[in-house]
Structure formats: C-alpha cells, structure tokens
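Number of protein chains: 4
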Amino acid sequence: MDPWRTGITDSDETNIFIHGYDVTSLMRQATFTDTIFLLHQGRLPSKEERALFDAILIGVSDHGPAAPSAAAARIVASGNRRSLESAVAAGVLAMGDAHGGAACDCMQMITDGVARAQRESISLQDVAIRTAADAKSERRRLPGMGHRVHTDDPRTRVLFEMARTCGVAGDGVAFMQAMEEAARLQIRPLPVNIDGALSAILYDLGFLPPVGKLIFIIGRVAGVTAQVMEEHKREKPMRVRIPVVYDGPPPREIK
Amino acid sequence: MDPWRTGITDSDETNIFIHGYDVTSLMRQATFTDTIFLLHQGRLPSKEERALFDAILIGVSDHGPAAPSAAAARIVASGNRRSLESAVAAGVLAMGDAHGGAACDCMQMITDGVARAQRESISLQDVAIRTAADAKSERRRLPGMGHRVHTDDPRTRVLFEMARTCGVAGDGVAFMQAMEEAARLQIRPLPVNIDGALSAILYDLGFLPPVGKLIFIIGRVAGVTAQVMEEHKREKPMRVRIPVVYDGPPPREIK
Amino acid sequence: MDPWRTGITDSDETNIFIHGYDVTSLMRQATFTDTIFLLHQGRLPSKEERALFDAILIGVSDHGPAAPSAAAARIVASGNRRSLESAVAAGVLAMGDAHGGAACDCMQMITDGVARAQRESISLQDVAIRTAADAKSERRRLPGMGHRVHTDDPRTRVLFEMARTCGVAGDGVAFMQAMEEAARLQIRPLPVNIDGALSAILYDLGFLPPVGKLIFIIGRVAGVTAQVMEEHKREKPMRVRIPVVYDGPPPREIK
Amino acid sequence: MDPWRTGITDSDETNIFIHGYDVTSLMRQATFTDTIFLLHQGRLPSKEERALFDAILIGVSDHGPAAPSAAAARIVASGNRRSLESAVAAGVLAMGDAHGGAACDCMQMITDGVARAQRESISLQDVAIRTAADAKSERRRLPGMGHRVHTDDPRTRVLFEMARTCGVAGDGVAFMQAMEEAARLQIRPLPVNIDGALSAILYDLGFLPPVGKLIFIIGRVAGVTAQVMEEHKREKPMRVRIPVVYDGPPPREIK
Numbered sequence: 142m143d144p145w146r147t148g149i150t151d152s153d154e155t156n157i158f159i160h161g162y163d164v165t166s167l168m169r170q171a172t173f174t175d176t177i178f179l180l181h182q183g184r185l186p187s188k189e190e191r192a193l194f195d196a197i198l199i200g201v202s203d204h205g206p207a208a209p210s211a212a213a214a215r216i217v218a219s220g221n222r223r224s225l226e227s228a229v230a231a232g233v234l235a236m237g238d239a240h241g242g243a244a245c246d247c248m249q250m251i252t253d254g255v256a257r258a259q260r261e262s263i264s265l266q267d268v269a270i271r272t273a274a275d276a277k278s279e280r281r282r283l284p285g286m287g288h289r290v291h292t293d294d295p296r297t298r299v300l301f302e303m304a305r306t307c308g309v310a311g312d313g314v315a316f317m318q319a320m321e322e323a324a325r326l327q328i329r330p331l332p333v334n335i336d337g338a339l340s341a342i343l344y345d346l347g348f349l350p351p352v353g354k355l356i357f358i359i360g361r362v363a364g365v366t367a368q369v370m371e372e373h374k375r376e377k378p379m380r381v382r383i384p385v386v387y388d389g390p391p392p393r394e395i396k
Numbered sequence: 142m143d144p145w146r147t148g149i150t151d152s153d154e155t156n157i158f159i160h161g162y163d164v165t166s167l168m169r170q171a172t173f174t175d176t177i178f179l180l181h182q183g184r185l186p187s188k189e190e191r192a193l194f195d196a197i198l199i200g201v202s203d204h205g206p207a208a209p210s211a212a213a214a215r216i217v218a219s220g221n222r223r224s225l226e227s228a229v230a231a232g233v234l235a236m237g238d239a240h241g242g243a244a245c246d247c248m249q250m251i252t253d254g255v256a257r258a259q260r261e262s263i264s265l266q267d268v269a270i271r272t273a274a275d276a277k278s279e280r281r282r283l284p285g286m287g288h289r290v291h292t293d294d295p296r297t298r299v300l301f302e303m304a305r306t307c308g309v310a311g312d313g314v315a316f317m318q319a320m321e322e323a324a325r326l327q328i329r330p331l332p333v334n335i336d337g338a339l340s341a342i343l344y345d346l347g348f349l350p351p352v353g354k355l356i357f358i359i360g361r362v363a364g365v366t367a368q369v370m371e372e373h374k375r376e377k378p379m380r381v382r383i384p385v386v387y388d389g390p391p392p393r394e395i396k
Numbered sequence: 142m143d144p145w146r147t148g149i150t151d152s153d154e155t156n157i158f159i160h161g162y163d164v165t166s167l168m169r170q171a172t173f174t175d176t177i178f179l180l181h182q183g184r185l186p187s188k189e190e191r192a193l194f195d196a197i198l199i200g201v202s203d204h205g206p207a208a209p210s211a212a213a214a215r216i217v218a219s220g221n222r223r224s225l226e227s228a229v230a231a232g233v234l235a236m237g238d239a240h241g242g243a244a245c246d247c248m249q250m251i252t253d254g255v256a257r258a259q260r261e262s263i264s265l266q267d268v269a270i271r272t273a274a275d276a277k278s279e280r281r282r283l284p285g286m287g288h289r290v291h292t293d294d295p296r297t298r299v300l301f302e303m304a305r306t307c308g309v310a311g312d313g314v315a316f317m318q319a320m321e322e323a324a325r326l327q328i329r330p331l332p333v334n335i336d337g338a339l340s341a342i343l344y345d346l347g348f349l350p351p352v353g354k355l356i357f358i359i360g361r362v363a364g365v366t367a368q369v370m371e372e373h374k375r376e377k378p379m380r381v382r383i384p385v386v387y388d389g390p391p392p393r394e395i396k
Numbered sequence: 142m143d144p145w146r147t148g149i150t151d152s153d154e155t156n157i158f159i160h161g162y163d164v165t166s167l168m169r170q171a172t173f174t175d176t177i178f179l180l181h182q183g184r185l186p187s188k189e190e191r192a193l194f195d196a197i198l199i200g201v202s203d204h205g206p207a208a209p210s211a212a213a214a215r216i217v218a219s220g221n222r223r224s225l226e227s228a229v230a231a232g233v234l235a236m237g238d239a240h241g242g243a244a245c246d247c248m249q250m251i252t253d254g255v256a257r258a259q260r261e262s263i264s265l266q267d268v269a270i271r272t273a274a275d276a277k278s279e280r281r282r283l284p285g286m287g288h289r290v291h292t293d294d295p296r297t298r299v300l301f302e303m304a305r306t307c308g309v310a311g312d313g314v315a316f317m318q319a320m321e322e323a324a325r326l327q328i329r330p331l332p333v334n335i336d337g338a339l340s341a342i343l344y345d346l347g348f349l350p351p352v353g354k355l356i357f358i359i360g361r362v363a364g365v366t367a368q369v370m371e372e373h374k375r376e377k378p379m380r381v382r383i384p385v386v387y388d389g390p391p392p393r394e395i396k
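Next up, the structure:
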C-alpha cells in the first residue's frame, strides 16, 4: 500500500510536530484555540484572531439538551451506558444541513458573492441585492439569516463588534451586513444569526467553506460531552419515553 | 503494510465468493437470511435453522419510533436531511448495553452456566438455582429476563415453540427455562423476554456471545431505516421540541 | 411535547404489529426479507418480488475487508474492543456518495428519465441518448454504470435475468439497458454495475430513490458485522499500521 | 413527556447562559478552554488550571493520519464525500478502550488508589506497590503506563512540570509517580505515558474518571477534523487500497 501523505502532523519515536511546531512547545506556550487554528490553517493566529476564534467556539459550544445534537447524544447515552464515544458520535451526526450546517452553505454564499463582485466589478451591496432577489424568486432560504423569533441574536452583535475592534472584519462581514440590509428591503427583516456571523468571520480569517461546519462541530462537542456526562450522572437507563400515536393500517391477517 | 487476512469473502476481477460460495449462486439459490447465517457461521443453515433465524431477525426488527434506536435515528434525521447514513448510524449507536445489549450478556450467562454444569457435573437446573441466588444476593439483574409489564412476551413463546418443533432447542433453551423457574422460586416471576429467547436459540445454533448483539443490530437496522424514511417523508426539519427545565445556578457575572 | 406520528409499527402491552401484521404471525409465516420489504413498502412482497429482493440484499452483503465500509469498521474495532456497535456504525458511515451511494443517484436518474419519456412522449431509448449526451458534454459520471475493469458484473446479469423471469422487469430495467446502449455508442462501453442493476429493479419494485441507499446499508450491515467479529477473533488491538509520509513544513520555533 | 432536567445551559428567547454565565460575556472575556472546563466542572478555571487544561487538550489533539481515530475518519471521508460529520463521527468512534480509553481506566485506578490509602491509612507509595504487585500476578496491564518504545514521553514531562509549577499537582500526580517507581522495581520500567499524565492531572483538577475519555475526545476532534479536510483537499474518492489475503474455504457448490 502506498503511504498516506500528510502535511499536518509528523512524529518520530519521541516527538510530535504539528505543522512543524513541537507539540511540547505548543503545550507550554500556546492555547488549545491556537492549536485548532494551527491544525486547520497551517499557522498560529495573531492575538486578535485568537480572541475572535475563541468567541466563535464559545458561541456555538452548547444550546441545552433540546438541540438535536444534545438530544441525539442523550438518547444514545440512555440506551448505551458503557460507550461514551457512541453518544458523542451520535451528537456529531445530528450536525447536518439543518442543524449547524448553515455555516458551510453561508460561507459558500459569501465566497460566491465576493467572487461575483470582483468578476463583475460591482459592489458587495449590489451583489447582495441580486442574491436576495434570486433567493426570493426561487423561494430559497438564505443560509445564516433569520431567527425563529424576529430579533437580533446577541451573539452576532458581539462577534461583529469584536471583528471590527480587532481589525479582522473584511469582505465577509461587509457582505453579510449587506445581505441583512438587502433582505430587509426586498424580503423581510432577516437578521444575521450566529451561523451567519461565524461564517462571515471565518471567511475573513481565511477558512474554506466546509471548515465552517467543522468549527461548529469542534465547538459543539464541548457541550455534547457535558450533556452526555449529565445524562449518566442524573438519569436512569432507558428513561426517555417519547409519546407515539399510530395511524397506519389496522390489524390484519397474512394471506 | 502487511495485507489484512480474512476467511470470509474473496474476490477476483469478476467474481465474489462468500466462504467459498459464488455470490451469484447465492443470489439464485439462497435467501438473505441464509447469507447472514453463512457470513457469521461459515456454513449455510438447514431449513429448520433458517426458519428460526428468520423468526429472530423479524422479532427484533422494529419496535416503533420511541425505541432508543429509532428515536436517536429520527432526531439525527431531523437535523441532518442530506445524510441518511448518519441517521441510521446513530440508531446503531443506541444499541448499547441497556437497549439490545442484553443478548450479549445473556449468551455469556448461558455459556458460563452450561460450562459450569459440565465442569461440576451438576444439572442445568442446579446451575440455574445458584445463578439466580447469586444474582439476588449481589442485587444484579438477570439479562434476558423480566418485562416492564409482568406477562409473557408472545415473541418468546413463538421462538421456543419453533425451536422445539425444529429440533434446534438444546442446552441454551433448557438453561433459560431453568432460569425462569429458578427466578420464580427465589426472586419473583421474571419471564424470559425476547432478548433471553433469542440468546438461548443463538447459543443452540452455535453463535458466540458477542454475535447476539450483532444479530440484534442486523435485524433492527431494517426498522431503523424505515423509521428514517418516514421521518423524511412526513416531518419537517428540526421538528422535535423536547421540553426542558433548567435547575442550575442563576445568572451570575464573571469575576 | 406532541406525540410522534407513525404508520409503521404499533404496539400495546403485549403485541407488536408491523403495518397491521402481528409480529408473531410474521415470525411464523414470513422471512426477514419479507419483513424488510413490508417495513419499507407497507405490504408483503409476492414470491417473485421476494426472490429478487433477496438477490439484491445478498448481492451487496459483503465485498471483503478492503471495502471502505469494512475497513472503517475494522479500524474502529481495532481501537475500540468493547463497543461492537461503534465499529458497525463506522461501517455504515462509510456508505456515502462514493461507496454504496450510487444507488440513490441512479434511482433518481431513472425516475427523471421515465418521467421525461412520459412528459415529452418520447421513448426511453431517446431519453437515454439525451441523458448520455448531456453527461458527456457536462463531464458528469453516469451513476450505476461502469467498472474499474471493463467487463460485465456477473451480479448484474443475474439480477436482470431474474427480473425478467419473474415478470418484475419494467421501465427501470428497460431504461438502464437503454442507458448502457446509449453510453456504448456515445461515450464508451459502460456496463451497468451492481448499483445500477439494483437501482433499476428497486425502481420497478416501487421504491423511492433514497431507499436505494438504505437497502444497500441493510444488505451490507450483514457483511460489516461479520468483518467486525473476525477482527475481534483473529487480530490484536491497535494492529493496523498505515505507512505515512510527512511533507509539511520542517521543524520551527514559536515566535 | 416529562421535561428533561439540566443544570448546564439555560436559554430564553434571546440569551444563553452556561452555568449561569451569559454566553456573550464568556465570548468577550473567556477562552474556549475556560468554557470546556466550565461545561464539565460548573466553574471557571484559575489561570493555572487553564494553562494545564490547555496543555492537556493540545497534547492529545493530533497524532497523524495513522492513529485509529484519523484513519477511520479518512476512510469514511474517502467513501463519503458529502457528509463531513460522518467522517468526524467515525473518528470519535475509534476512541475506545484501546485508543484514548486508557484515561478513563487510569483515572479509576487513581481514584481507587487514593481512596484505599485513606481507608487503610497507608501511603500512596504502599498502595502503588500493592497495585503493581496485583497487576503483575493477574497479568493485567497498568493503564496509562508504558510505551511501545521504552523511553519517556516528553508530553508527560511537560505536563508534570507544569502541574508542579502551577501548584495543581496533588494526589493524582503523586500516585502516578509512585506507580512508575513501583512498576520499575517489581515489573519493568513502565514510564507514565500521555494518557497516565493527563489522568493524574485531571484527577487533581477534580474531574470524574469518565471525563478523562471525554477530554481526550474533545482534544482529538480538533485533529480529526483537520485530517478529514486534508483528505478532501488532497485525495480522490475511494483512494484507499488495503491489500488483502484470503485464507478461507476454496470455491464450492451449494448442495
């Protein structure tokens, strides 16, 4: 079998190097957040980038036991008391397109929008107006925008404020704010939500779209593991009793 | 890298052989149940063994959307609309010790019990009495025995009846029936449940204990996949709203 | 919480009914393959349909330890000796678009092709010619067609022959055979492979496209479980040693 | 259905509180590592505790593509190009008893050892001698101790040194160092490895044994996600070709 190629982590008998940095140096001088950034970007973040990246990871870390990731993890933990990793993995699997997956779609929308502005020599505002109009006519939802309740998400406000203060805010943040304005004028108020805010900033930090979802997973695993431990400490096995109503065919005989 | 050894399935450029049988011959002349048996036992079952094995797989195939395997799969399907395999895998992960895992523990109890009867030259009835007494004094639950409602499981009755009719019933069935009698006398009525019944029969069919759980998984995957499809066809994304009550610390400031 | 609706499986204190059939009647009179069909179609198959469905499930049940599903399951089994369900779930997760997922895409191509023939009142052959031409000009691969080695898959031959003998072959089989002819004339010989053959037949049996992948999963889980058991019985923990070559940055200091 | 109880995370229409702290305050003032600690301990760490916790998470974050977690994730990524979460989940599932699971077993050994010292009023050194002697006579491996190559793991040295400098080192570190000495005298040199070192420190930080494995998972998910992205960016679908040798029965006919 051909050896597998990698540019991420090297090791010899005694040492491990991540993108060239001895892991023991990182342990002494860096934070876990630095290391997550390094693993995905191949370089250590600046102090400002680290603060923003920390804020993103914290912002998605937990949303209580009713989020699909936590609920799936708890139900598995309830039927499977011996394998903690099974419960955590089930939580990861719930992070699909409808839960946590908006980040990937939103980063793609930003990537396409910024590329279009450059290609067609128009402003991000103009691209945003056309993107919102297209979504409206095709009845598509705009990823990273809108809430169940029509208010601002305070996490979005904090992220955008920090991004501006740090000097990280660039085309990503500008485009999402243009999208918010375009949606308000053409569709209805659709405030940028946490998925949209972290997508804008991850774009400005240089990440590729699929990494949006991976960062969501890294952050949320912190919460899912805590939910699994609480299930084990506080609850009995098989305690979940979901009410069911059957509306299929009545009893019948095999002919 | 050394090649991986296997005695199960071989293939050349055009043909696939399972334990030596050309897969196209199996497709023409065998059933899926035969093939599951073959993959795990290295031989095709007799007509009687196949009928029993079919009955076991059917008996565990589905128990509605509230079983942990189906509930976990549906919650993942609800947050993850694009990856059916993620939802099915979450259902598999819920089949731990507390849900579907009794088969492995029960087959181990049977294996130990029959071995002890031979080693100590005592009857299976005597071993059963001691096993029940030990469980009582150590406050351990007996795997494969007992129901939430104190009645017989009709699936157990069918399996034991088929096993006797087919001539497959051996030490496994005899030991579990001795356990039922021993529990009734020393603890309380603990009828053999579906996990206990299939464990007894899988033991008599020559399977090793861990295979008990794997057979449960194979059977239940049929139901989990159907539950996942129904979730996608009938329900909206993110539709599950589990009620939550928070009883942790009140709002506080970072010091 | 609103109760979850289901039309698949009902149960009271003592009985379980699948689409209205008492599970104990199924255990006595039906096969596991009948039950898989019932769970997904809401009716029991005819004798001919059952034979074909058995052949499909057998045809995909195993392809040795090097298939991604088996390889992923074995590597997990190698690092995780206590949780069999974790290894099986990893095998399920490997069944994505590139491995086992062609069935879903191919059933969609058939569904679209047959609908187009009806809508435009043209023959399936004409639709096939246009579909192949479109794929060629857009440089898209045709799902369910082509082999690494340019020969027929004997499993395809058996499935198509059985489908014709049983009287099940309909538009699905006809369209895939027209596609084979169209590809041969316009692109290059791309024989219908096992994914294409089972897609054609599942279409003719009345299944929806996503079920194509679910049937692949049900069949392959039989093989994955056997591969996991063999890993546990024959191999040591952590035995897999994949050769790696690092081509990233050389050792460097944190600045 | 009864509501699910939780003491971890609360939310109203607009705000999220983790153990009482508004998540936007954490985003502004805390690190991701603080938040992981908070989610699992119910309090924020001191500066010293945070530094140690960062070092642990970094120390386990990646070990290249050949570690079972990364290898399983890459094989799934290779067959499943559309579902990143499936690949990450497979990586999580590989973290069983033999890979990453030593932390849980080792934390249990420390917990039992310290409890025994208090109960029997003997020193940690005496308990370590008895623990090593028992393991030797029962031919059990000591969790968290020993390497494939008989040298010190530099990550262990760094962790123990930081723990002492920070004033966090307590009974956990003392007991593992006593175990190293006891093993050297009675068995053979078995240096404390990274799993043993992080177990000692997590014990001294007040974590329960199962959390040892969960912390390993949180740290390693950072590496697994990076490995999955590299697989997608650099490699083709289905590129893994594991060599296989078949040693089962020769071709035979169905009788």
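Chains as they are written, first to last, in my numbering: chain D, 142 to 396; chain C, 142 to 396; chain B, 142 to 396; chain A, 142 to 396. All C-beta atoms, glycine included, are put in the ideal place defined by N, C-alpha and C. If you're wondering where the values come from, they're calculated on a predicted model, not measured in any experiment.
{"Check": "Continuous alpha helix (DSSP H) stretch holding D/ILE270: start and end", "Outcome": "265-278"}
{"Check": "C-beta neighbour in chain B for C/PHE301, strict 9 Å", "Outcome": "no"}
{"Check": "Beta-carbon proximity of D/VAL233 to A/GLU321, cut-off 9 Å", "Outcome": "no"}
{"Check": "Neighbourhood of D/PHE357 by C-beta distance below 6 Å, restricted to the same chain and skipping five residues each side", "Outcome": "VAL201, GLY241 and ALA244"}
{"Check": "Separation of A/ALA235 from A/ARG361, as counted between CA atoms", "Outcome": "11 Å"}
{"Check": "Option nearest D/SER264 by Cα separation, candidates D/CYS307, D/MET317, D/GLU279 and D/MET248", "Outcome": "D/MET317"}
{"Check": "Extent of the continuous beta strand (DSSP E) to which B/ILE159 belongs", "Outcome": "157-159"}
{"Check": "Helix, strand or coil at A/THR147 [DSSP, three-state]", "Outcome": "strand"}
{"Check": "is_contact[D/GLY308, chain G] using C-beta, thresh 9 Å", "Outcome": "The structure shown contains no chain G; its protein chains are D, C, B and A."}
{"Check": "Given 8 Å, three or more beta-carbon pairs between the segment 183-194 of chain C and the segment 206-214 of chain C", "Outcome": "no"}
{"Check": "N- and C-terminal bounds of the alpha helix (DSSP H) containing C/VAL386", "Outcome": "C/VAL386 -> not in any alpha helix (DSSP H); beta strand (DSSP E) instead, spanning 385-387."}
{"Check": "Whether C/ARG281 touches C/HIS373 by CB criterion (9 Å)", "Outcome": "no"}
{"Check": "Proximity test, Cβ basis, 9 Å: B/PRO206 and chain C", "Outcome": "yes"}
{"Check": "Residue interval of the alpha helix (DSSP H) (run including B/THR366)", "Outcome": "350-375"}
{"Check": "Neighbouring residues, chain C, relative to B/LYS354 (Cβ below 8 Å)", "Outcome": "LEU225 and GLU226"}
{"Check": "Interface flag, D/ASP294 vs chain C, CB-CB below 9 Å", "Outcome": "no"}
{"Check": "9 Å Cβ cutoff, C/ILE216 in contact with chain A", "Outcome": "no"}
{"Check": "Residue closest to C/LEU339, alpha-carbon to alpha-carbon, out of C/ARG257, C/PRO392 and C/VAL309", "Outcome": "C/VAL309"}
{"Check": "Boundaries of the alpha helix (DSSP H) in which A/ILE216 is found, first to last residue", "Outcome": "209-220"}
{"Check": "Between the CA atoms of D/MET286 and C/PRO284 - distance to the nearest angstrom", "Outcome": "51 Å"}
{"Check": "The segment 347-357 of chain B contacting the segment 364-379 of chain C, beta-carbon criterion three pairs below 8 Å", "Outcome": "yes"}
{"Check": "Near-chain B residues of the segment 165-183 of chain D - C-beta to any C-beta below 8 Å", "Outcome": "SER166, LEU167, GLN170, ALA171 and GLY183"}
{"Check": "D/ALA323 beta carbon less than 9 Å from that of D/ILE270", "Outcome": "yes"}
{"Check": "Test: A/TYR387 CB closer than 9 Å to a CB of chain B", "Outcome": "yes"}
{"Check": "Contact list for B/MET445 against chain A, beta-carbon separation under 7 Å", "Outcome": "Lying before the first or after the last residue shown, residue 445 of chain B is absent from chain B, which here runs from 142 to 396."}
{"Check": "Backbone CA spacing between A/ASP143 and B/LEU346 [nearest angstrom]", "Outcome": "43 Å"}
{"Check": "Cβ-Cβ separation, A/PHE178 to A/PRO186 (assumed contact under 8 Å), whole Å", "Outcome": "4 Å"}
{"Check": "Against chain C: residues of the segment 227-260 of chain B by CB proximity under 9 Å", "Outcome": "SER227, VAL229, ALA230, ALA231, GLY232, VAL233, LEU234, ALA235, MET236, GLY237, GLY241, GLY242 and CYS245"}
{"Check": "Closer than 9 Å to chain C by CB, D/VAL381", "Outcome": "yes"}
{"Check": "Segments assigned alpha helix (DSSP H), at least 4 residues, entirely inside the segment 294-335 of chain C", "Outcome": "295-307 and 312-327"}
{"Check": "Inter-residue spacing [alpha-carbon to alpha-carbon] between C/VAL386 and A/ALA363", "Outcome": "32 Å"}
{"Check": "CB contact check: B/THR150 to chain D, cutoff 9 Å", "Outcome": "yes"}
{"Check": "Three-way DSSP call (helix, strand, coil) for A/ALA169 in this model", "Outcome": "Sequence check: residue 169 of chain A is Arg here, not Ala. If DSSP states are grouped into helix, strand and coil, A/ARG169 belongs with the helices."}
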